[in-house]
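There are 6 protein chains.
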Amino acid sequence: MTTEPIIATLGELILRLKPPGKLRLRQTAKFEVCHGGAEANVAGSLAQFGLQSRFISALPASELGEQALMSIRANGVDVRHVARLPGRMGIYFLEDGADVRSGCVIYDRQDTAFCALTPDQVDWDSAFDGATWFHVSGITPAISASARDLCEAGMKEAKARGLHISLDLNHRERLWQYGQRATDVMPGLTAYADTLIAGRGDCRACLGFSPEGDGSTNDWYEALSEDVLHRFPNLTRIAVTIRNSSSAECHKWAAHLRTGSGSYFSKTYHLHNVVDRVGTGDAFAAGLIYGLATEMQDEAALQFGAAANALKHTIAGDTNMVTTNEVKALMDSDGTGRLRR
Amino acid sequence: MTTEPIIATLGELILRLKPPGKLRLRQTAKFEVCHGGAEANVAGSLAQFGLQSRFISALPASELGEQALMSIRANGVDVRHVARLPGRMGIYFLEDGADVRSGCVIYDRQDTAFCALTPDQVDWDSAFDGATWFHVSGITPAISASARDLCEAGMKEAKARGLHISLDLNHRERLWQYGQRATDVMPGLTAYADTLIAGRGDCRACLGFSPEGDGSTNDWYEALSEDVLHRFPNLTRIAVTIRNSSSAECHKWAAHLRTGSGSYFSKTYHLHNVVDRVGTGDAFAAGLIYGLATEMQDEAALQFGAAANALKHTIAGDTNMVTTNEVKALMDSDGTGRLRR
Amino acid sequence: MTTEPIIATLGELILRLKPPGKLRLRQTAKFEVCHGGAEANVAGSLAQFGLQSRFISALPASELGEQALMSIRANGVDVRHVARLPGRMGIYFLEDGADVRSGCVIYDRQDTAFCALTPDQVDWDSAFDGATWFHVSGITPAISASARDLCEAGMKEAKARGLHISLDLNHRERLWQYGQRATDVMPGLTAYADTLIAGRGDCRACLGFSPEGDGSTNDWYEALSEDVLHRFPNLTRIAVTIRNSSSAECHKWAAHLRTGSGSYFSKTYHLHNVVDRVGTGDAFAAGLIYGLATEMQDEAALQFGAAANALKHTIAGDTNMVTTNEVKALMDSDGTGRLRR
Amino acid sequence: MTTEPIIATLGELILRLKPPGKLRLRQTAKFEVCHGGAEANVAGSLAQFGLQSRFISALPASELGEQALMSIRANGVDVRHVARLPGRMGIYFLEDGADVRSGCVIYDRQDTAFCALTPDQVDWDSAFDGATWFHVSGITPAISASARDLCEAGMKEAKARGLHISLDLNHRERLWQYGQRATDVMPGLTAYADTLIAGRGDCRACLGFSPEGDGSTNDWYEALSEDVLHRFPNLTRIAVTIRNSSSAECHKWAAHLRTGSGSYFSKTYHLHNVVDRVGTGDAFAAGLIYGLATEMQDEAALQFGAAANALKHTIAGDTNMVTTNEVKALMDSDGTGRLRR
Amino acid sequence: MTTEPIIATLGELILRLKPPGKLRLRQTAKFEVCHGGAEANVAGSLAQFGLQSRFISALPASELGEQALMSIRANGVDVRHVARLPGRMGIYFLEDGADVRSGCVIYDRQDTAFCALTPDQVDWDSAFDGATWFHVSGITPAISASARDLCEAGMKEAKARGLHISLDLNHRERLWQYGQRATDVMPGLTAYADTLIAGRGDCRACLGFSPEGDGSTNDWYEALSEDVLHRFPNLTRIAVTIRNSSSAECHKWAAHLRTGSGSYFSKTYHLHNVVDRVGTGDAFAAGLIYGLATEMQDEAALQFGAAANALKHTIAGDTNMVTTNEVKALMDSDGTGRLRR
Amino acid sequence: MTTEPIIATLGELILRLKPPGKLRLRQTAKFEVCHGGAEANVAGSLAQFGLQSRFISALPASELGEQALMSIRANGVDVRHVARLPGRMGIYFLEDGADVRSGCVIYDRQDTAFCALTPDQVDWDSAFDGATWFHVSGITPAISASARDLCEAGMKEAKARGLHISLDLNHRERLWQYGQRATDVMPGLTAYADTLIAGRGDCRACLGFSPEGDGSTNDWYEALSEDVLHRFPNLTRIAVTIRNSSSAECHKWAAHLRTGSGSYFSKTYHLHNVVDRVGTGDAFAAGLIYGLATEMQDEAALQFGAAANALKHTIAGDTNMVTTNEVKALMDSDGTGRLRR
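Chains as they are written, first to last, in numbering that gives the first Met the number 0: chain Z, 0 to 340; chain F, 0 to 340; chain S, 0 to 340; chain R, 0 to 340; chain D, 0 to 340; chain V, 0 to 340.
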């Protein structure tokens, strides 16, 4: 008999402030409010898929913290391990791109309550009770030394309890401001992982290597994944995501998965009217984890993750608000977005 | 001298609730409100074209009924034959699709005031006084047994008074919940019609036949229309609509018309930024009726209907808020949407 | 040592649609969306107070049900005992009053998923596991015969397990449409209760008696409460709410509580800019339950409930989004609404 | 047997642009759109009361004219006598007052399509066919010489056909810009009227006389009304409105009516949360006309008008969107704005 | 001949984020955006009055800084002395109070670009070129040690150039987080000032003394002002503001002014529908400065300031968007907020 | 050493009213407010680029004029030479096109304050003090005879002071209503210019000539520009813009520049999701002027202008809210609109 999968994630949930539509920051008199964060997005998406997911984190003991908590609780995530601490609410400002104009993100995450969270403040026994999977991303160790320590402690504790560990490298150059670079930290964390997820340039930025070239061929991705699995024998699996954009609204997206025994490429999705590009990588991670945790075959899990990612491009906000039925329907269809009535 | 055309339609007007933009139902804190219904949409579009149109229906004797009445009255439709009865306001919830994500409709139309309307509550003499055309659709007989009876009664009364009758099959599988299927009812109603309008799959779903194949060639449509005219000799004309979508926002649309003496295909419109797909079929019906009722040639009427349909894809809400000048301008142009200033 | 209180409530959660601000239904092109229902409001308010609360209910297995579920989950209510069943989503339309103009509610709650919920579909052992208190209101038995049965079954099951039972009579004349009147049903249900809550006219409407007069004196309320406790010896306590309005925005509000040993009147709150009047009774119920369940003295619990009620008048939506600190601060202050900065 | 009353009004319908809520013009990035005009407001209110009303006017032959037409058509007004002419759309900008801050109106009504409408362009036979009452206001003759001529022509045509004529003096000092003052024009028009309506200062401003003093006593109003009826023996009735404000949101309102045989004062309404003050005078006019046209007694008609006026203060927009049942309910109640549910 | 007054202010401009209307932070999906800060508000109000005003400050070199700059530039303030530096954008979250519910402010102003501004980065010669008045408030020295130093440096530089210096004590207990208390710093800064402005409790909190009692009598204020002028002989004038609230929307407001030669109390304004309470003290300061800088008599300047303050209660946002004509009209009127049309 | 460029423009700033999103005028209950005008847009864009720009104009002495002034002042434009005069505020209504549906503009600019501005009311010495460049467009002489005279006077005054003069022909057929045609006026004004900017059809419409053909080849543009330089030897440079649209949202855009010594074509931008097409020509003018005024080479200035134009298509409102860094980044990139984070 299969145990029901329970996935725990650890990371920071931050307030996202975005001008409506395509307005620029300098034009807006309103911000649309939602909340996001790589690992919270994964937990939220998994809960929307119907799995039990838990979020380990800290939020400020203020109304802003309460607002954030309500947001992730609405998604169905178990928030009993979200501490309420002194410190700021992390914020990011998002200006959406439009056609040839690039969007931009302004991070405002210093001195947050999450940075005040120490490993000993987490009740790991309770947080991992019954859990089968632990997911973290390269965002957390990039924020601060304390967050890096917390992330590593979580991976150790999960390892000690036999959970499957997934790590999404998720490189953000501008976040590494506390004196270490990604290549100082991420190889060590990668050594704890079972499943690794990486964007095209993440291995070079975080692990220090990747094949020559620009990632324009399948061969390139296969060479990369082979190299990663070779260098990190603890990994049973690596997924690499492949995005090509021609404008802010037009993207092509696919992913590659390699295990010890196989190498796969997902269907390529052509998206022409992207609603919200943020969180699409997390949507893929959640989809892949869902597939693997519910015992799909590797290739099916990859395809599930890619379809989840494609759908996220159509969902406003950081979290992928879609059901497994919708993901499966897209996998099985021609993706023409017909009206169901 | 030509009589001024007066078109009467019979059907239900319902409240439409839609989250703003591309938000999902589960995300929204607001609904945009409008009103629609296949036959009301046709009446509204005809009124916007400047024709006299009348709507025969019932609405609840509540503020919700009043709100609906104001909506259709604003369009210029004659509402003196809209009864106010006990019963609910019919509702549908619309979640817009986006790119690869399908939109969806949730119908909530049981036990409405319209279902309480019986043929003898309609003053047919007055409703059809001076009228030259009567339009109904397959939505009405799908709602309830009472609505089916009302629809049939209306067709009989119109027939008896020599009105031209158009029927849009407009198949909605999910509406047929009262114990009969479309094929039980629609052939009988089709026998009253002079002009029939059908979507690609409507003839099979409603009348029980259509050519083999998937409707990807003009031949297929010509075979279909020939067969229909053969089986229903009462029909002087059949129009079949042809939609091909590649995403929620990208559609190709054309229509085919066959009469006893000719067979035509409209221009194909390529739409890349669909604003609102709902009601586009009704916009075609209204355009075709406008053309025929104002004595355009068949092919011109078909082209007018197709251009009206194309414009409706750019109009938010159920009803086609465009003028005949705009339709004609599109027919005569290259459809490049230039700014007029 | 005191057991941590766990409160279960049973009832229907419905979709609330309200025009923005003071717009009338016939004027609006938007609806503001929230969710409410007497017992869900109590559960939500208790969760916002930091207590464990559970909601026993059913919602449709549709996107509308999902939307509703997210709403109550956001508040922190345990929703594991909310079934997903076929049937409609219950709706109510709310038009806010303004000054001398009365607001109005249009209920649209027939044939909902909740009406399809039968007592045997609830796992009472699990739903009441560890629970110390069960709350219901007179709304539920007013909806339908099945809802009445469910409510009574819940009370029996709670009684059998030794929970404290509170019943808010909450009379709504327009809901009793299934062939029974409130006086046919409510006395029987009252016989299960330990704590009874009633508005000024509820005892006459639901139980069939009340003192002569119009409720304008404290004596009247004391006579009423004495009579109720006399006639229903199962009751250990009755609270009666006292509202006097001079316009849609100006209300005076207080409450009376009688137990076997004492009779109390709360402070009277004078409200001059009511933001949302709906759910204020539920806010009182939640406040009173909070006080009693956390072992405040009767009079303190009454005052806590009254202050919670006063605050709810300033909160948009059905549920009282305030903390216990805020309630206590109001109890201890002069209620002048100063800016804290 | 009583003839069904049919009321015709003549005037200009203009576009109203207002910043949301209490924002100032210099702050706003949005305008709320509605349409108004003294006589259109009366026609709209009468249609909402269920009477047949007609509007004689002209609008530009542009999309802005169409937008305006839809607005008044939605209310149920017969618009067959609204010409579409060259010329601008009249506009007014409204900045709402707040507490001690005065609101302000910026008129932008030069060279409008309405000013291009000449008496011979109106088909008076058709416009007055079956009509029993004709209503105009002092706004129209204030706009332009052509509008003055049109107004006078309408009164003559109505007189010739035996319609009852009501004239609301409705003085706006800032509108008289074409070389004549109100006292040059209004006495002549008053000589056509049967029923005259005036604000406190209107008789002095338009007719050139009024009692000494500031209108703070009933005696003052009675002296005024007596004098007016004496000087204009054609009048069978005069109503004078009495407003006292203590802030932008707090007003007291009543009205006085004198006929040849009686003198009455309405109930005084105390309003504390005025939603929209514009159009309240028109709401009174419409209410009084409704009462008189449906053969209420004079005093009852006065009370009906006053209650209609009070309700208008709670309705956003220029037109009084209330039913006769609501007016009657307010007349019969204590005006406490209770929620009906 | 009088020199044209030019007023310079120094302080921080921060981003204000507020849920719409009366929504709580935990309920909102939108923030309304504006910018404020005590000294920027004074500069903005003075510019709206038509005076030349300059703002000395620093903003981040990001889109958020640009957005803020556009905001204050729109008001007409000279921003050539606003540096663009590394560091965060200061933020405050505002939850509006409602009736008995208190509003609250969450400050988020650590490590801002303004805190990075050092006295030597300001070109004082240029900033004070032609200036006649320099205004600062107790907010700036409360933010950080660097801001305190900057404030003091500005006062010294202004003193050296013979400018009139006004200081608004503006005490905010929660801002003093860098190790010093207001009483450690403010007496020293007060010694530079010519005009001092204080709220009821500010002298005790900042200067360490005030009369016994609660400020409920004019005598109390006169005793206070006499004591202040006695202890700080450098002061030529002190103004003390007097607010009494009965709810979030109902305030009474007046001010007291004492100079060496006279003692005055302004008219008391009774406000019943406060739109935005934030910045009202700054509006008074700006009004008083306007009056004094344009050589009104002391009492007239006090009355001008009080009327400006009253108007600010009706203006959304931090800055008083009113003209001198409007202030004078209120001073001369009964403040009944009539519609001007 | 290079003088810092200071650019002066002369023209009218008008209020723009646009329904939200793709709504039609006849559907909307809201207008989005911004301000625009060809020369104001150029001044605003230049200020956003960081150059000193001045605007010479007149606005009404009303709140609407104040609102407009705040708008352009926010952008950083020097407004000291904007007079405040009697007269209307100019307005234009904009209905956005969608896909195959054309957008439309309704001008409402008669009798505005700007039309009341006479050359002698401008202090040309002050307005041109230190200025190096003067820009006007063919909009101004099209509005009225007085505006034509003002435009010519400005060109003469600029010429006399040795400023570089640029003229954008900017033909709007519908504006020439005062009795002269563009060809009567524009050749004379062109004779003052140093740099001429023209759309494809502008030379024929304004100057009376252009090559045969439809502008579909580079040769056509080169023939045109050669001819213009030949006929107007005062010109040192002409730029011609090249737009090809396939729908309201899909445009291709490039520009051609010819000087005495060279002929260039910019990169062609393919835009697929145009946000706002209005003001893109002005964005090009501003970009070209920026390049030339800051002493870029001709071809570089052309490319800068073309990239600025491409970015403007992604910016809501009339004015190009982008920085020089963003323009340069687009020039140097592949224009794929990647998210910067």
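Yeah, the Cβ is synthetic: ideal placement off N, Cα and C, and Gly gets one too. These numbers come from a predicted model, not from an experiment.
* 8 Å CB neighbourhood of V/ASN324 in its chain, flanking five on each side removed -> In the sixth sequence, counting from the first residue as 1, residue 324 of chain V sits at position 325. Here the set comprises nothing.
* **Validate contact between the region 93 to 107 of chain F and the region 313 to 327 of chain Z using beta carbons, cut 8 Å, 3 pairs** => yes
* **Cβ-based burial, D/ASN217 [other Cβ within 10 Å; buried from 16]** => Taking the first residue of the fifth sequence as 1, we reach residue 217 of chain D at position 218. The residue in question, D/ASN217, is exposed, as its Cβ has fewer than 16 Cβ neighbours within 10 Å.
* Asked: So who's on the other strand from V/SER136, going by DSSP bridges?
  -> Counting from one through the sixth sequence, the residue named residue 136 of chain V turns up at place 137. The partner list for V/SER136 (beta bridge, DSSP) reads V/ASP167.
* Asked: Given that V/VAL277 touches chain Z, what residues does it touch there, using C-beta distances under 8 Å?
  -> Numbered from 1 along the sixth sequence, position 278 holds the residue referred to as residue 277 of chain V. Within chain Z, no residue comes near V/VAL277; the closest Cβ sits about 14 Å away, beyond 8 Å.
* Spell out whether any CB of chain F is found under 8 Å from the CB atom of R/MET69. => Within the fourth sequence, the letter at position 70 stands for residue 69 of chain R. Closer than 8 Å to some Cβ of chain F, the Cβ of R/MET69 qualifies, so yes.
* Jot down the residue ranges of each uninterrupted alpha helix (DSSP H) in the region 181 to 242 of chain F, minimum 4 residues, whole runs only, in chain order. => 181 to 189, 217 to 230
* Which partner residues does Z/GLY290 have in the DSSP bridge list? -> Mapped onto the first sequence, residue 290 of chain Z falls at position 291. In the DSSP output, where bridge partners are listed per residue, Z/GLY290 has none listed.
* Roughly how many whole angstroms lie between the Cα atoms of F/TYR263 and F/ALA315? -> Mapped onto the second sequence, residue 263 of chain F falls at position 264. Mapped onto the second sequence, residue 315 of chain F falls at position 316. Rounded to whole angstroms, F/TYR263 and F/ALA315 show a C-alpha spacing of 29 Å.
* With C-beta atoms as the reference, is F/ILE138 less than 8 Å away from F/ALA37? -> The residue you call residue 138 of chain F lines up with position 139 of the second sequence. The residue you call residue 37 of chain F lines up with position 38 of the second sequence. The answer is yes: Cβ separation under 8 Å.
* **Within 8 Å, strictly: CB atoms of V/SER194 and V/THR235** => Sequence index remark: in the sixth sequence, residue 194 of chain V carries index 195 (1-based). Sequence index remark: in the sixth sequence, residue 235 of chain V carries index 236 (1-based). Per the sequence shown, residue 194 of chain V should be read as Thr rather than Ser. For V/THR194 and V/THR235, yes; Cβs fall inside 8 Å.
* **Cβ of S/GLY178 within 8 Å of any chain R Cβ** => As a first step, residue 178 of chain S must be located in the third sequence, where it is residue number 179. Chain R, which has no Cβ nearer than 8 Å to the Cβ of S/GLY178, makes this no.
* Kindly list, in the order they appear in chain Z, the residues whose Cβ is closer than 7 Å to that of F/LYS21. => Against the second sequence, residue 21 of chain F aligns to sequence position 22. Within 7 Å Cβ-Cβ: VAL274, THR313, ALA315.
* Smallest Cα separation from F/ALA376: which of F/HIS312, F/GLY334, F/LEU22, F/CYS114? -> Residue coverage of chain F in this structure runs from 0 to 340, which leaves residue 376 of chain F outside it and unanswerable.
* Asked: Name the chain V residues that come within less than 7 Å of D/ARG375, Cβ to Cβ?
  -> Missing from the structure shown is residue 375 of chain D; chain D here goes from 0 to 340 and no further.
* Go ahead and label D/HIS34 buried or exposed: buried means 16 or more other beta carbons lie within 10 angstroms of its beta carbon, across all protein chains shown. => Position 35 of the fifth sequence, counting from 1, holds the residue named residue 34 of chain D. Classification for D/HIS34: buried.
* To do: Can you say whether F/TRP21 is buried or exposed, counting buried as having 16 or more other CB atoms within 10 angstroms of its CB?
  => Residue 21 of chain F sits at position 22 when you count from the first residue of the second sequence. For clarity, residue 21 of chain F is Lys in the given sequence; the question names Trp instead. Counting Cβ neighbours within 10 Å, F/LYS21 comes out buried, since at least 16 surround it.
* Beta-carbon proximity list for Z/MET0, same chain, < 6 Å, skipping 5 on both sides -> Taking the first sequence and counting its residues from 1, one reaches residue 0 of chain Z at position 1. In this predicted model, Z/MET0 has a pLDDT of only 43, less than 50, meaning its place in the structure is not dependable enough to derive any value.
* Nearest-angstrom beta carbon gap, Z/LEU93 and Z/LYS17 [assumed within contact, 8 Å] -> Translated into the one-based positions of the first sequence, residue 17 of chain Z becomes position 18. Translated into the one-based positions of the first sequence, residue 93 of chain Z becomes position 94. Indeed they touch by this definition, with Cβ atoms about 4 Å apart.
* Asked: Is there a Cβ from chain Z that is less than 8 Å from the Cβ of D/PHE92?
  -> Here residue 92 of chain D refers to the residue found at position 93 when the fifth sequence is read from its first residue. Taking Cβ atoms only, chain Z reaches closer than 8 Å to D/PHE92, which makes this a yes.
* To the nearest angstrom, report how far apart D/PRO19 and D/LYS29 are at their CA atoms. => As a working mapping, residue 19 of chain D is identified with position 20 in the fifth sequence. As a working mapping, residue 29 of chain D is identified with position 30 in the fifth sequence. When rounded, the distance between both Cα atoms is 7 Å.
* Asked: Which residues in the same chain have their Cβ closer than 8 Å to the Cβ of R/GLN179, if we skip the five residues on either side of it in sequence?
  -> As a position in the fourth sequence, residue 179 of chain R is number 180, starting the count at 1. If we look at R/GLN179 and ignore the five residues flanking it on each side, its Cβ neighbours are ALA144, ARG147.
* To do: Could you name the residues of chain Z that F/SER245 contacts, counting a contact when the two beta carbons are closer than 7 Å?
  => The count along the second sequence starts at 1 and reaches residue 245 of chain F at position 246. The answer, in chain order, is THR335.
* To do: Closer than 7 Å, Cβ to Cβ, to anything on chain R: give me those residues from the region 96 to 109 of chain S, in chain order.
  => GLY96, ALA97, ASP98, VAL99, ARG100, SER101, GLY102, CYS103, VAL104
* Run down chain R in chain order and give the residues with a C-beta less than 9 Å from the C-beta of D/TYR289. => For the purposes of this step, residue 289 of chain D is taken as residue 290 along the fifth sequence, with counting starting at 1. What D/TYR289 touches in chain R: nothing, since even the nearest Cβ is about 18 Å away.
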